[in-house]
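Right, one structure below, let's go through it.
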Amino acid sequence: MLRIRRMRIEDVPFAVRLSEQEHWGVTRNDLQRLLRLTPAGCFIAYEGAKKLGLTTTTIYGRKLAWIGNVIVDWEYRGMHIGRNLVDHAVAFLKKSRIQNIALYCFKENVDFYENLGFVKDAPFLRMRRKAKSRAAGVNWRVFDHAPSLQALLLGDKRAFGADRSRLVRDMLATRAGWYVGSARKKISLSYLMIREYRDMCELGPWVCLNPPRSEPERMLNLALSEVGELPTEVSCLQRNKDAIRLMEAKGFRTLREGYRMFFRDRARIGNDKAQYALGFLDKG
Ligand SMILES: CC(C)(COP(=O)(O)OP(=O)(O)OC[C@H]1O[C@@H](n2cnc3c(N)ncnc32)[C@H](O)[C@@H]1OP(=O)(O)O)[C@@H](O)C(=O)NCCC(=O)NCCS
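Residue numbers (our numbering): 124 to 407.
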């Protein structure tokens with residue numbers, strides 16, 4: 124009989140193996156972080172001694188939580204394990220009195236989530252830039268109006284619509300990523316996070332609230348000069364035309380399309396125009 128239980132630290136290698144099947148590049152550190160931040164909200168589906176699938180949830184305060192890393196071992200697909208995992212995660216978040224539940228979903232899985240009560244919200248593009256040789260002589264650490272992380276995280280909350288500072292701070296503390304940022308008198312705030320994986324780099328979250336005109340391009344140039352030798356991926360909301368134009372100008376091309384989805388009702392939170400790149404902080 125299929126059962127679902129809380130994920131434990133010793134399940135992390137299994138979770139990494141399943142994510143590798145999907146080429147998602149989720150690392151041991153990523154999963155350990157999710158487990159550290161929401162220990163009661165990460166789940167394993169199993170039957171007897173056999174582990175069959177997983178999912179994780181990330182709670183950003185009462186207002187919003189995210190479901191991620193829904194993966195079923197390919198040998199066991201089509202047996203309602205995915206459905207059970209997502210239902211279980213939703214029930215856990217409802218019991219935790221979370222107001223809005225969201226996830227990022229690639230196009231091919233939209234029907235799966237619609238069947239489970241999710242509705243499509245904003246579409247996004249996953250874009251990739253081929254590996255380039257590293258530009259010499261640019262030092263990204265030199266950025267004027269050096270902001271405090273505190274100020275940037277307040278800006279992040281306005282753009283994203285909920286407080287994800289615990290996750291961002293944990294990523295910086297464990298050196299899973301770094302950022303370029305700028306803040307001017309609490310009116311204009313921008314930061315762009317860069318994460319390096321074994322075979323690619325990921326940009327995001329990237330938030331620009333009232334940026335001076337040339338700032339987004341300048342930030343992107345700084346970030347790209349640092350990640351030069353790896354292919355780089357980013358996910359941008361289609362409605363943020365400025366961000367998409369900039370990415371295309373820098374050689375990013377669309378790989379896949381997807382949607383942000385909400386459970387039952389679309390939430391009107393955050394400021395999509397200020398989200399230049401989505402976070403995918405919980406991967407998957
Ligand atoms: C997507 C995934 C989790 C589904 O898990 P699963 O256990 O095979 O799915 P289930 O058996 O629970 O499917 C439930 C229902 O949705 C349907 N379904 C499953 N995958 C679907 C898809 N991609 N598109 C449309 N319908 C789908 C099933 O046919 C089933 O329908 P039924 O209730 O009428 O029988 C699994 O295919 C997977 O691990 N994919 C790779 C990782 C991934 O893409 N995860 C989603 C991240 S966005």
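C-beta: ideal position from N, C-alpha, C; glycine also.
These figures come from a predicted structure and were not determined experimentally.
- For ligand 1, no non-hydrogen atom lies closer than 8 angstroms to the CB of Arg128.
- For Asn238 and Leu157, the gap between their C-alpha atoms comes out near 26 angstroms.
- With a 10 Å radius around the Cβ and a threshold of 16 neighbouring Cβ atoms, Glu349 comes out buried.
- According to the DSSP assignment, Gly278 belongs to the alpha helix (DSSP H) that extends over Leu272 to Phe283.
- Membership of Gln398 in the beta strand (DSSP E) is indicated by the continuous run Gln398 to Ala400.
- At a cut-off of 8 angstroms, the beta-carbon of Leu226 counts as near ligand 1: some heavy atom of the ligand is closer than that.
- Closest option to Leu378, judged by alpha-carbon separation, among Asp388, Arg362 and Pro354: Pro354.
- Considering only Phe385, Glu380, Tyr320 and Ser358, the residue with the shortest C-alpha distance to Gly148 is Tyr320.
- A check of alpha carbon separations from Gly184 across Val357, Ser288 and Leu175 identifies Ser288 as the nearest.
- Here Cys359 is actually not in contact with Met202; their C-beta atoms are around 35 angstroms apart, not less than 8 angstroms.
- For Ser288, the uninterrupted alpha helix (DSSP H) run begins and ends at Ser288 to Ala296, by DSSP.
- About 17 angstroms separates the beta carbon of Phe241 from that of Gly164, a gap too long to meet the 8 angstroms contact definition.
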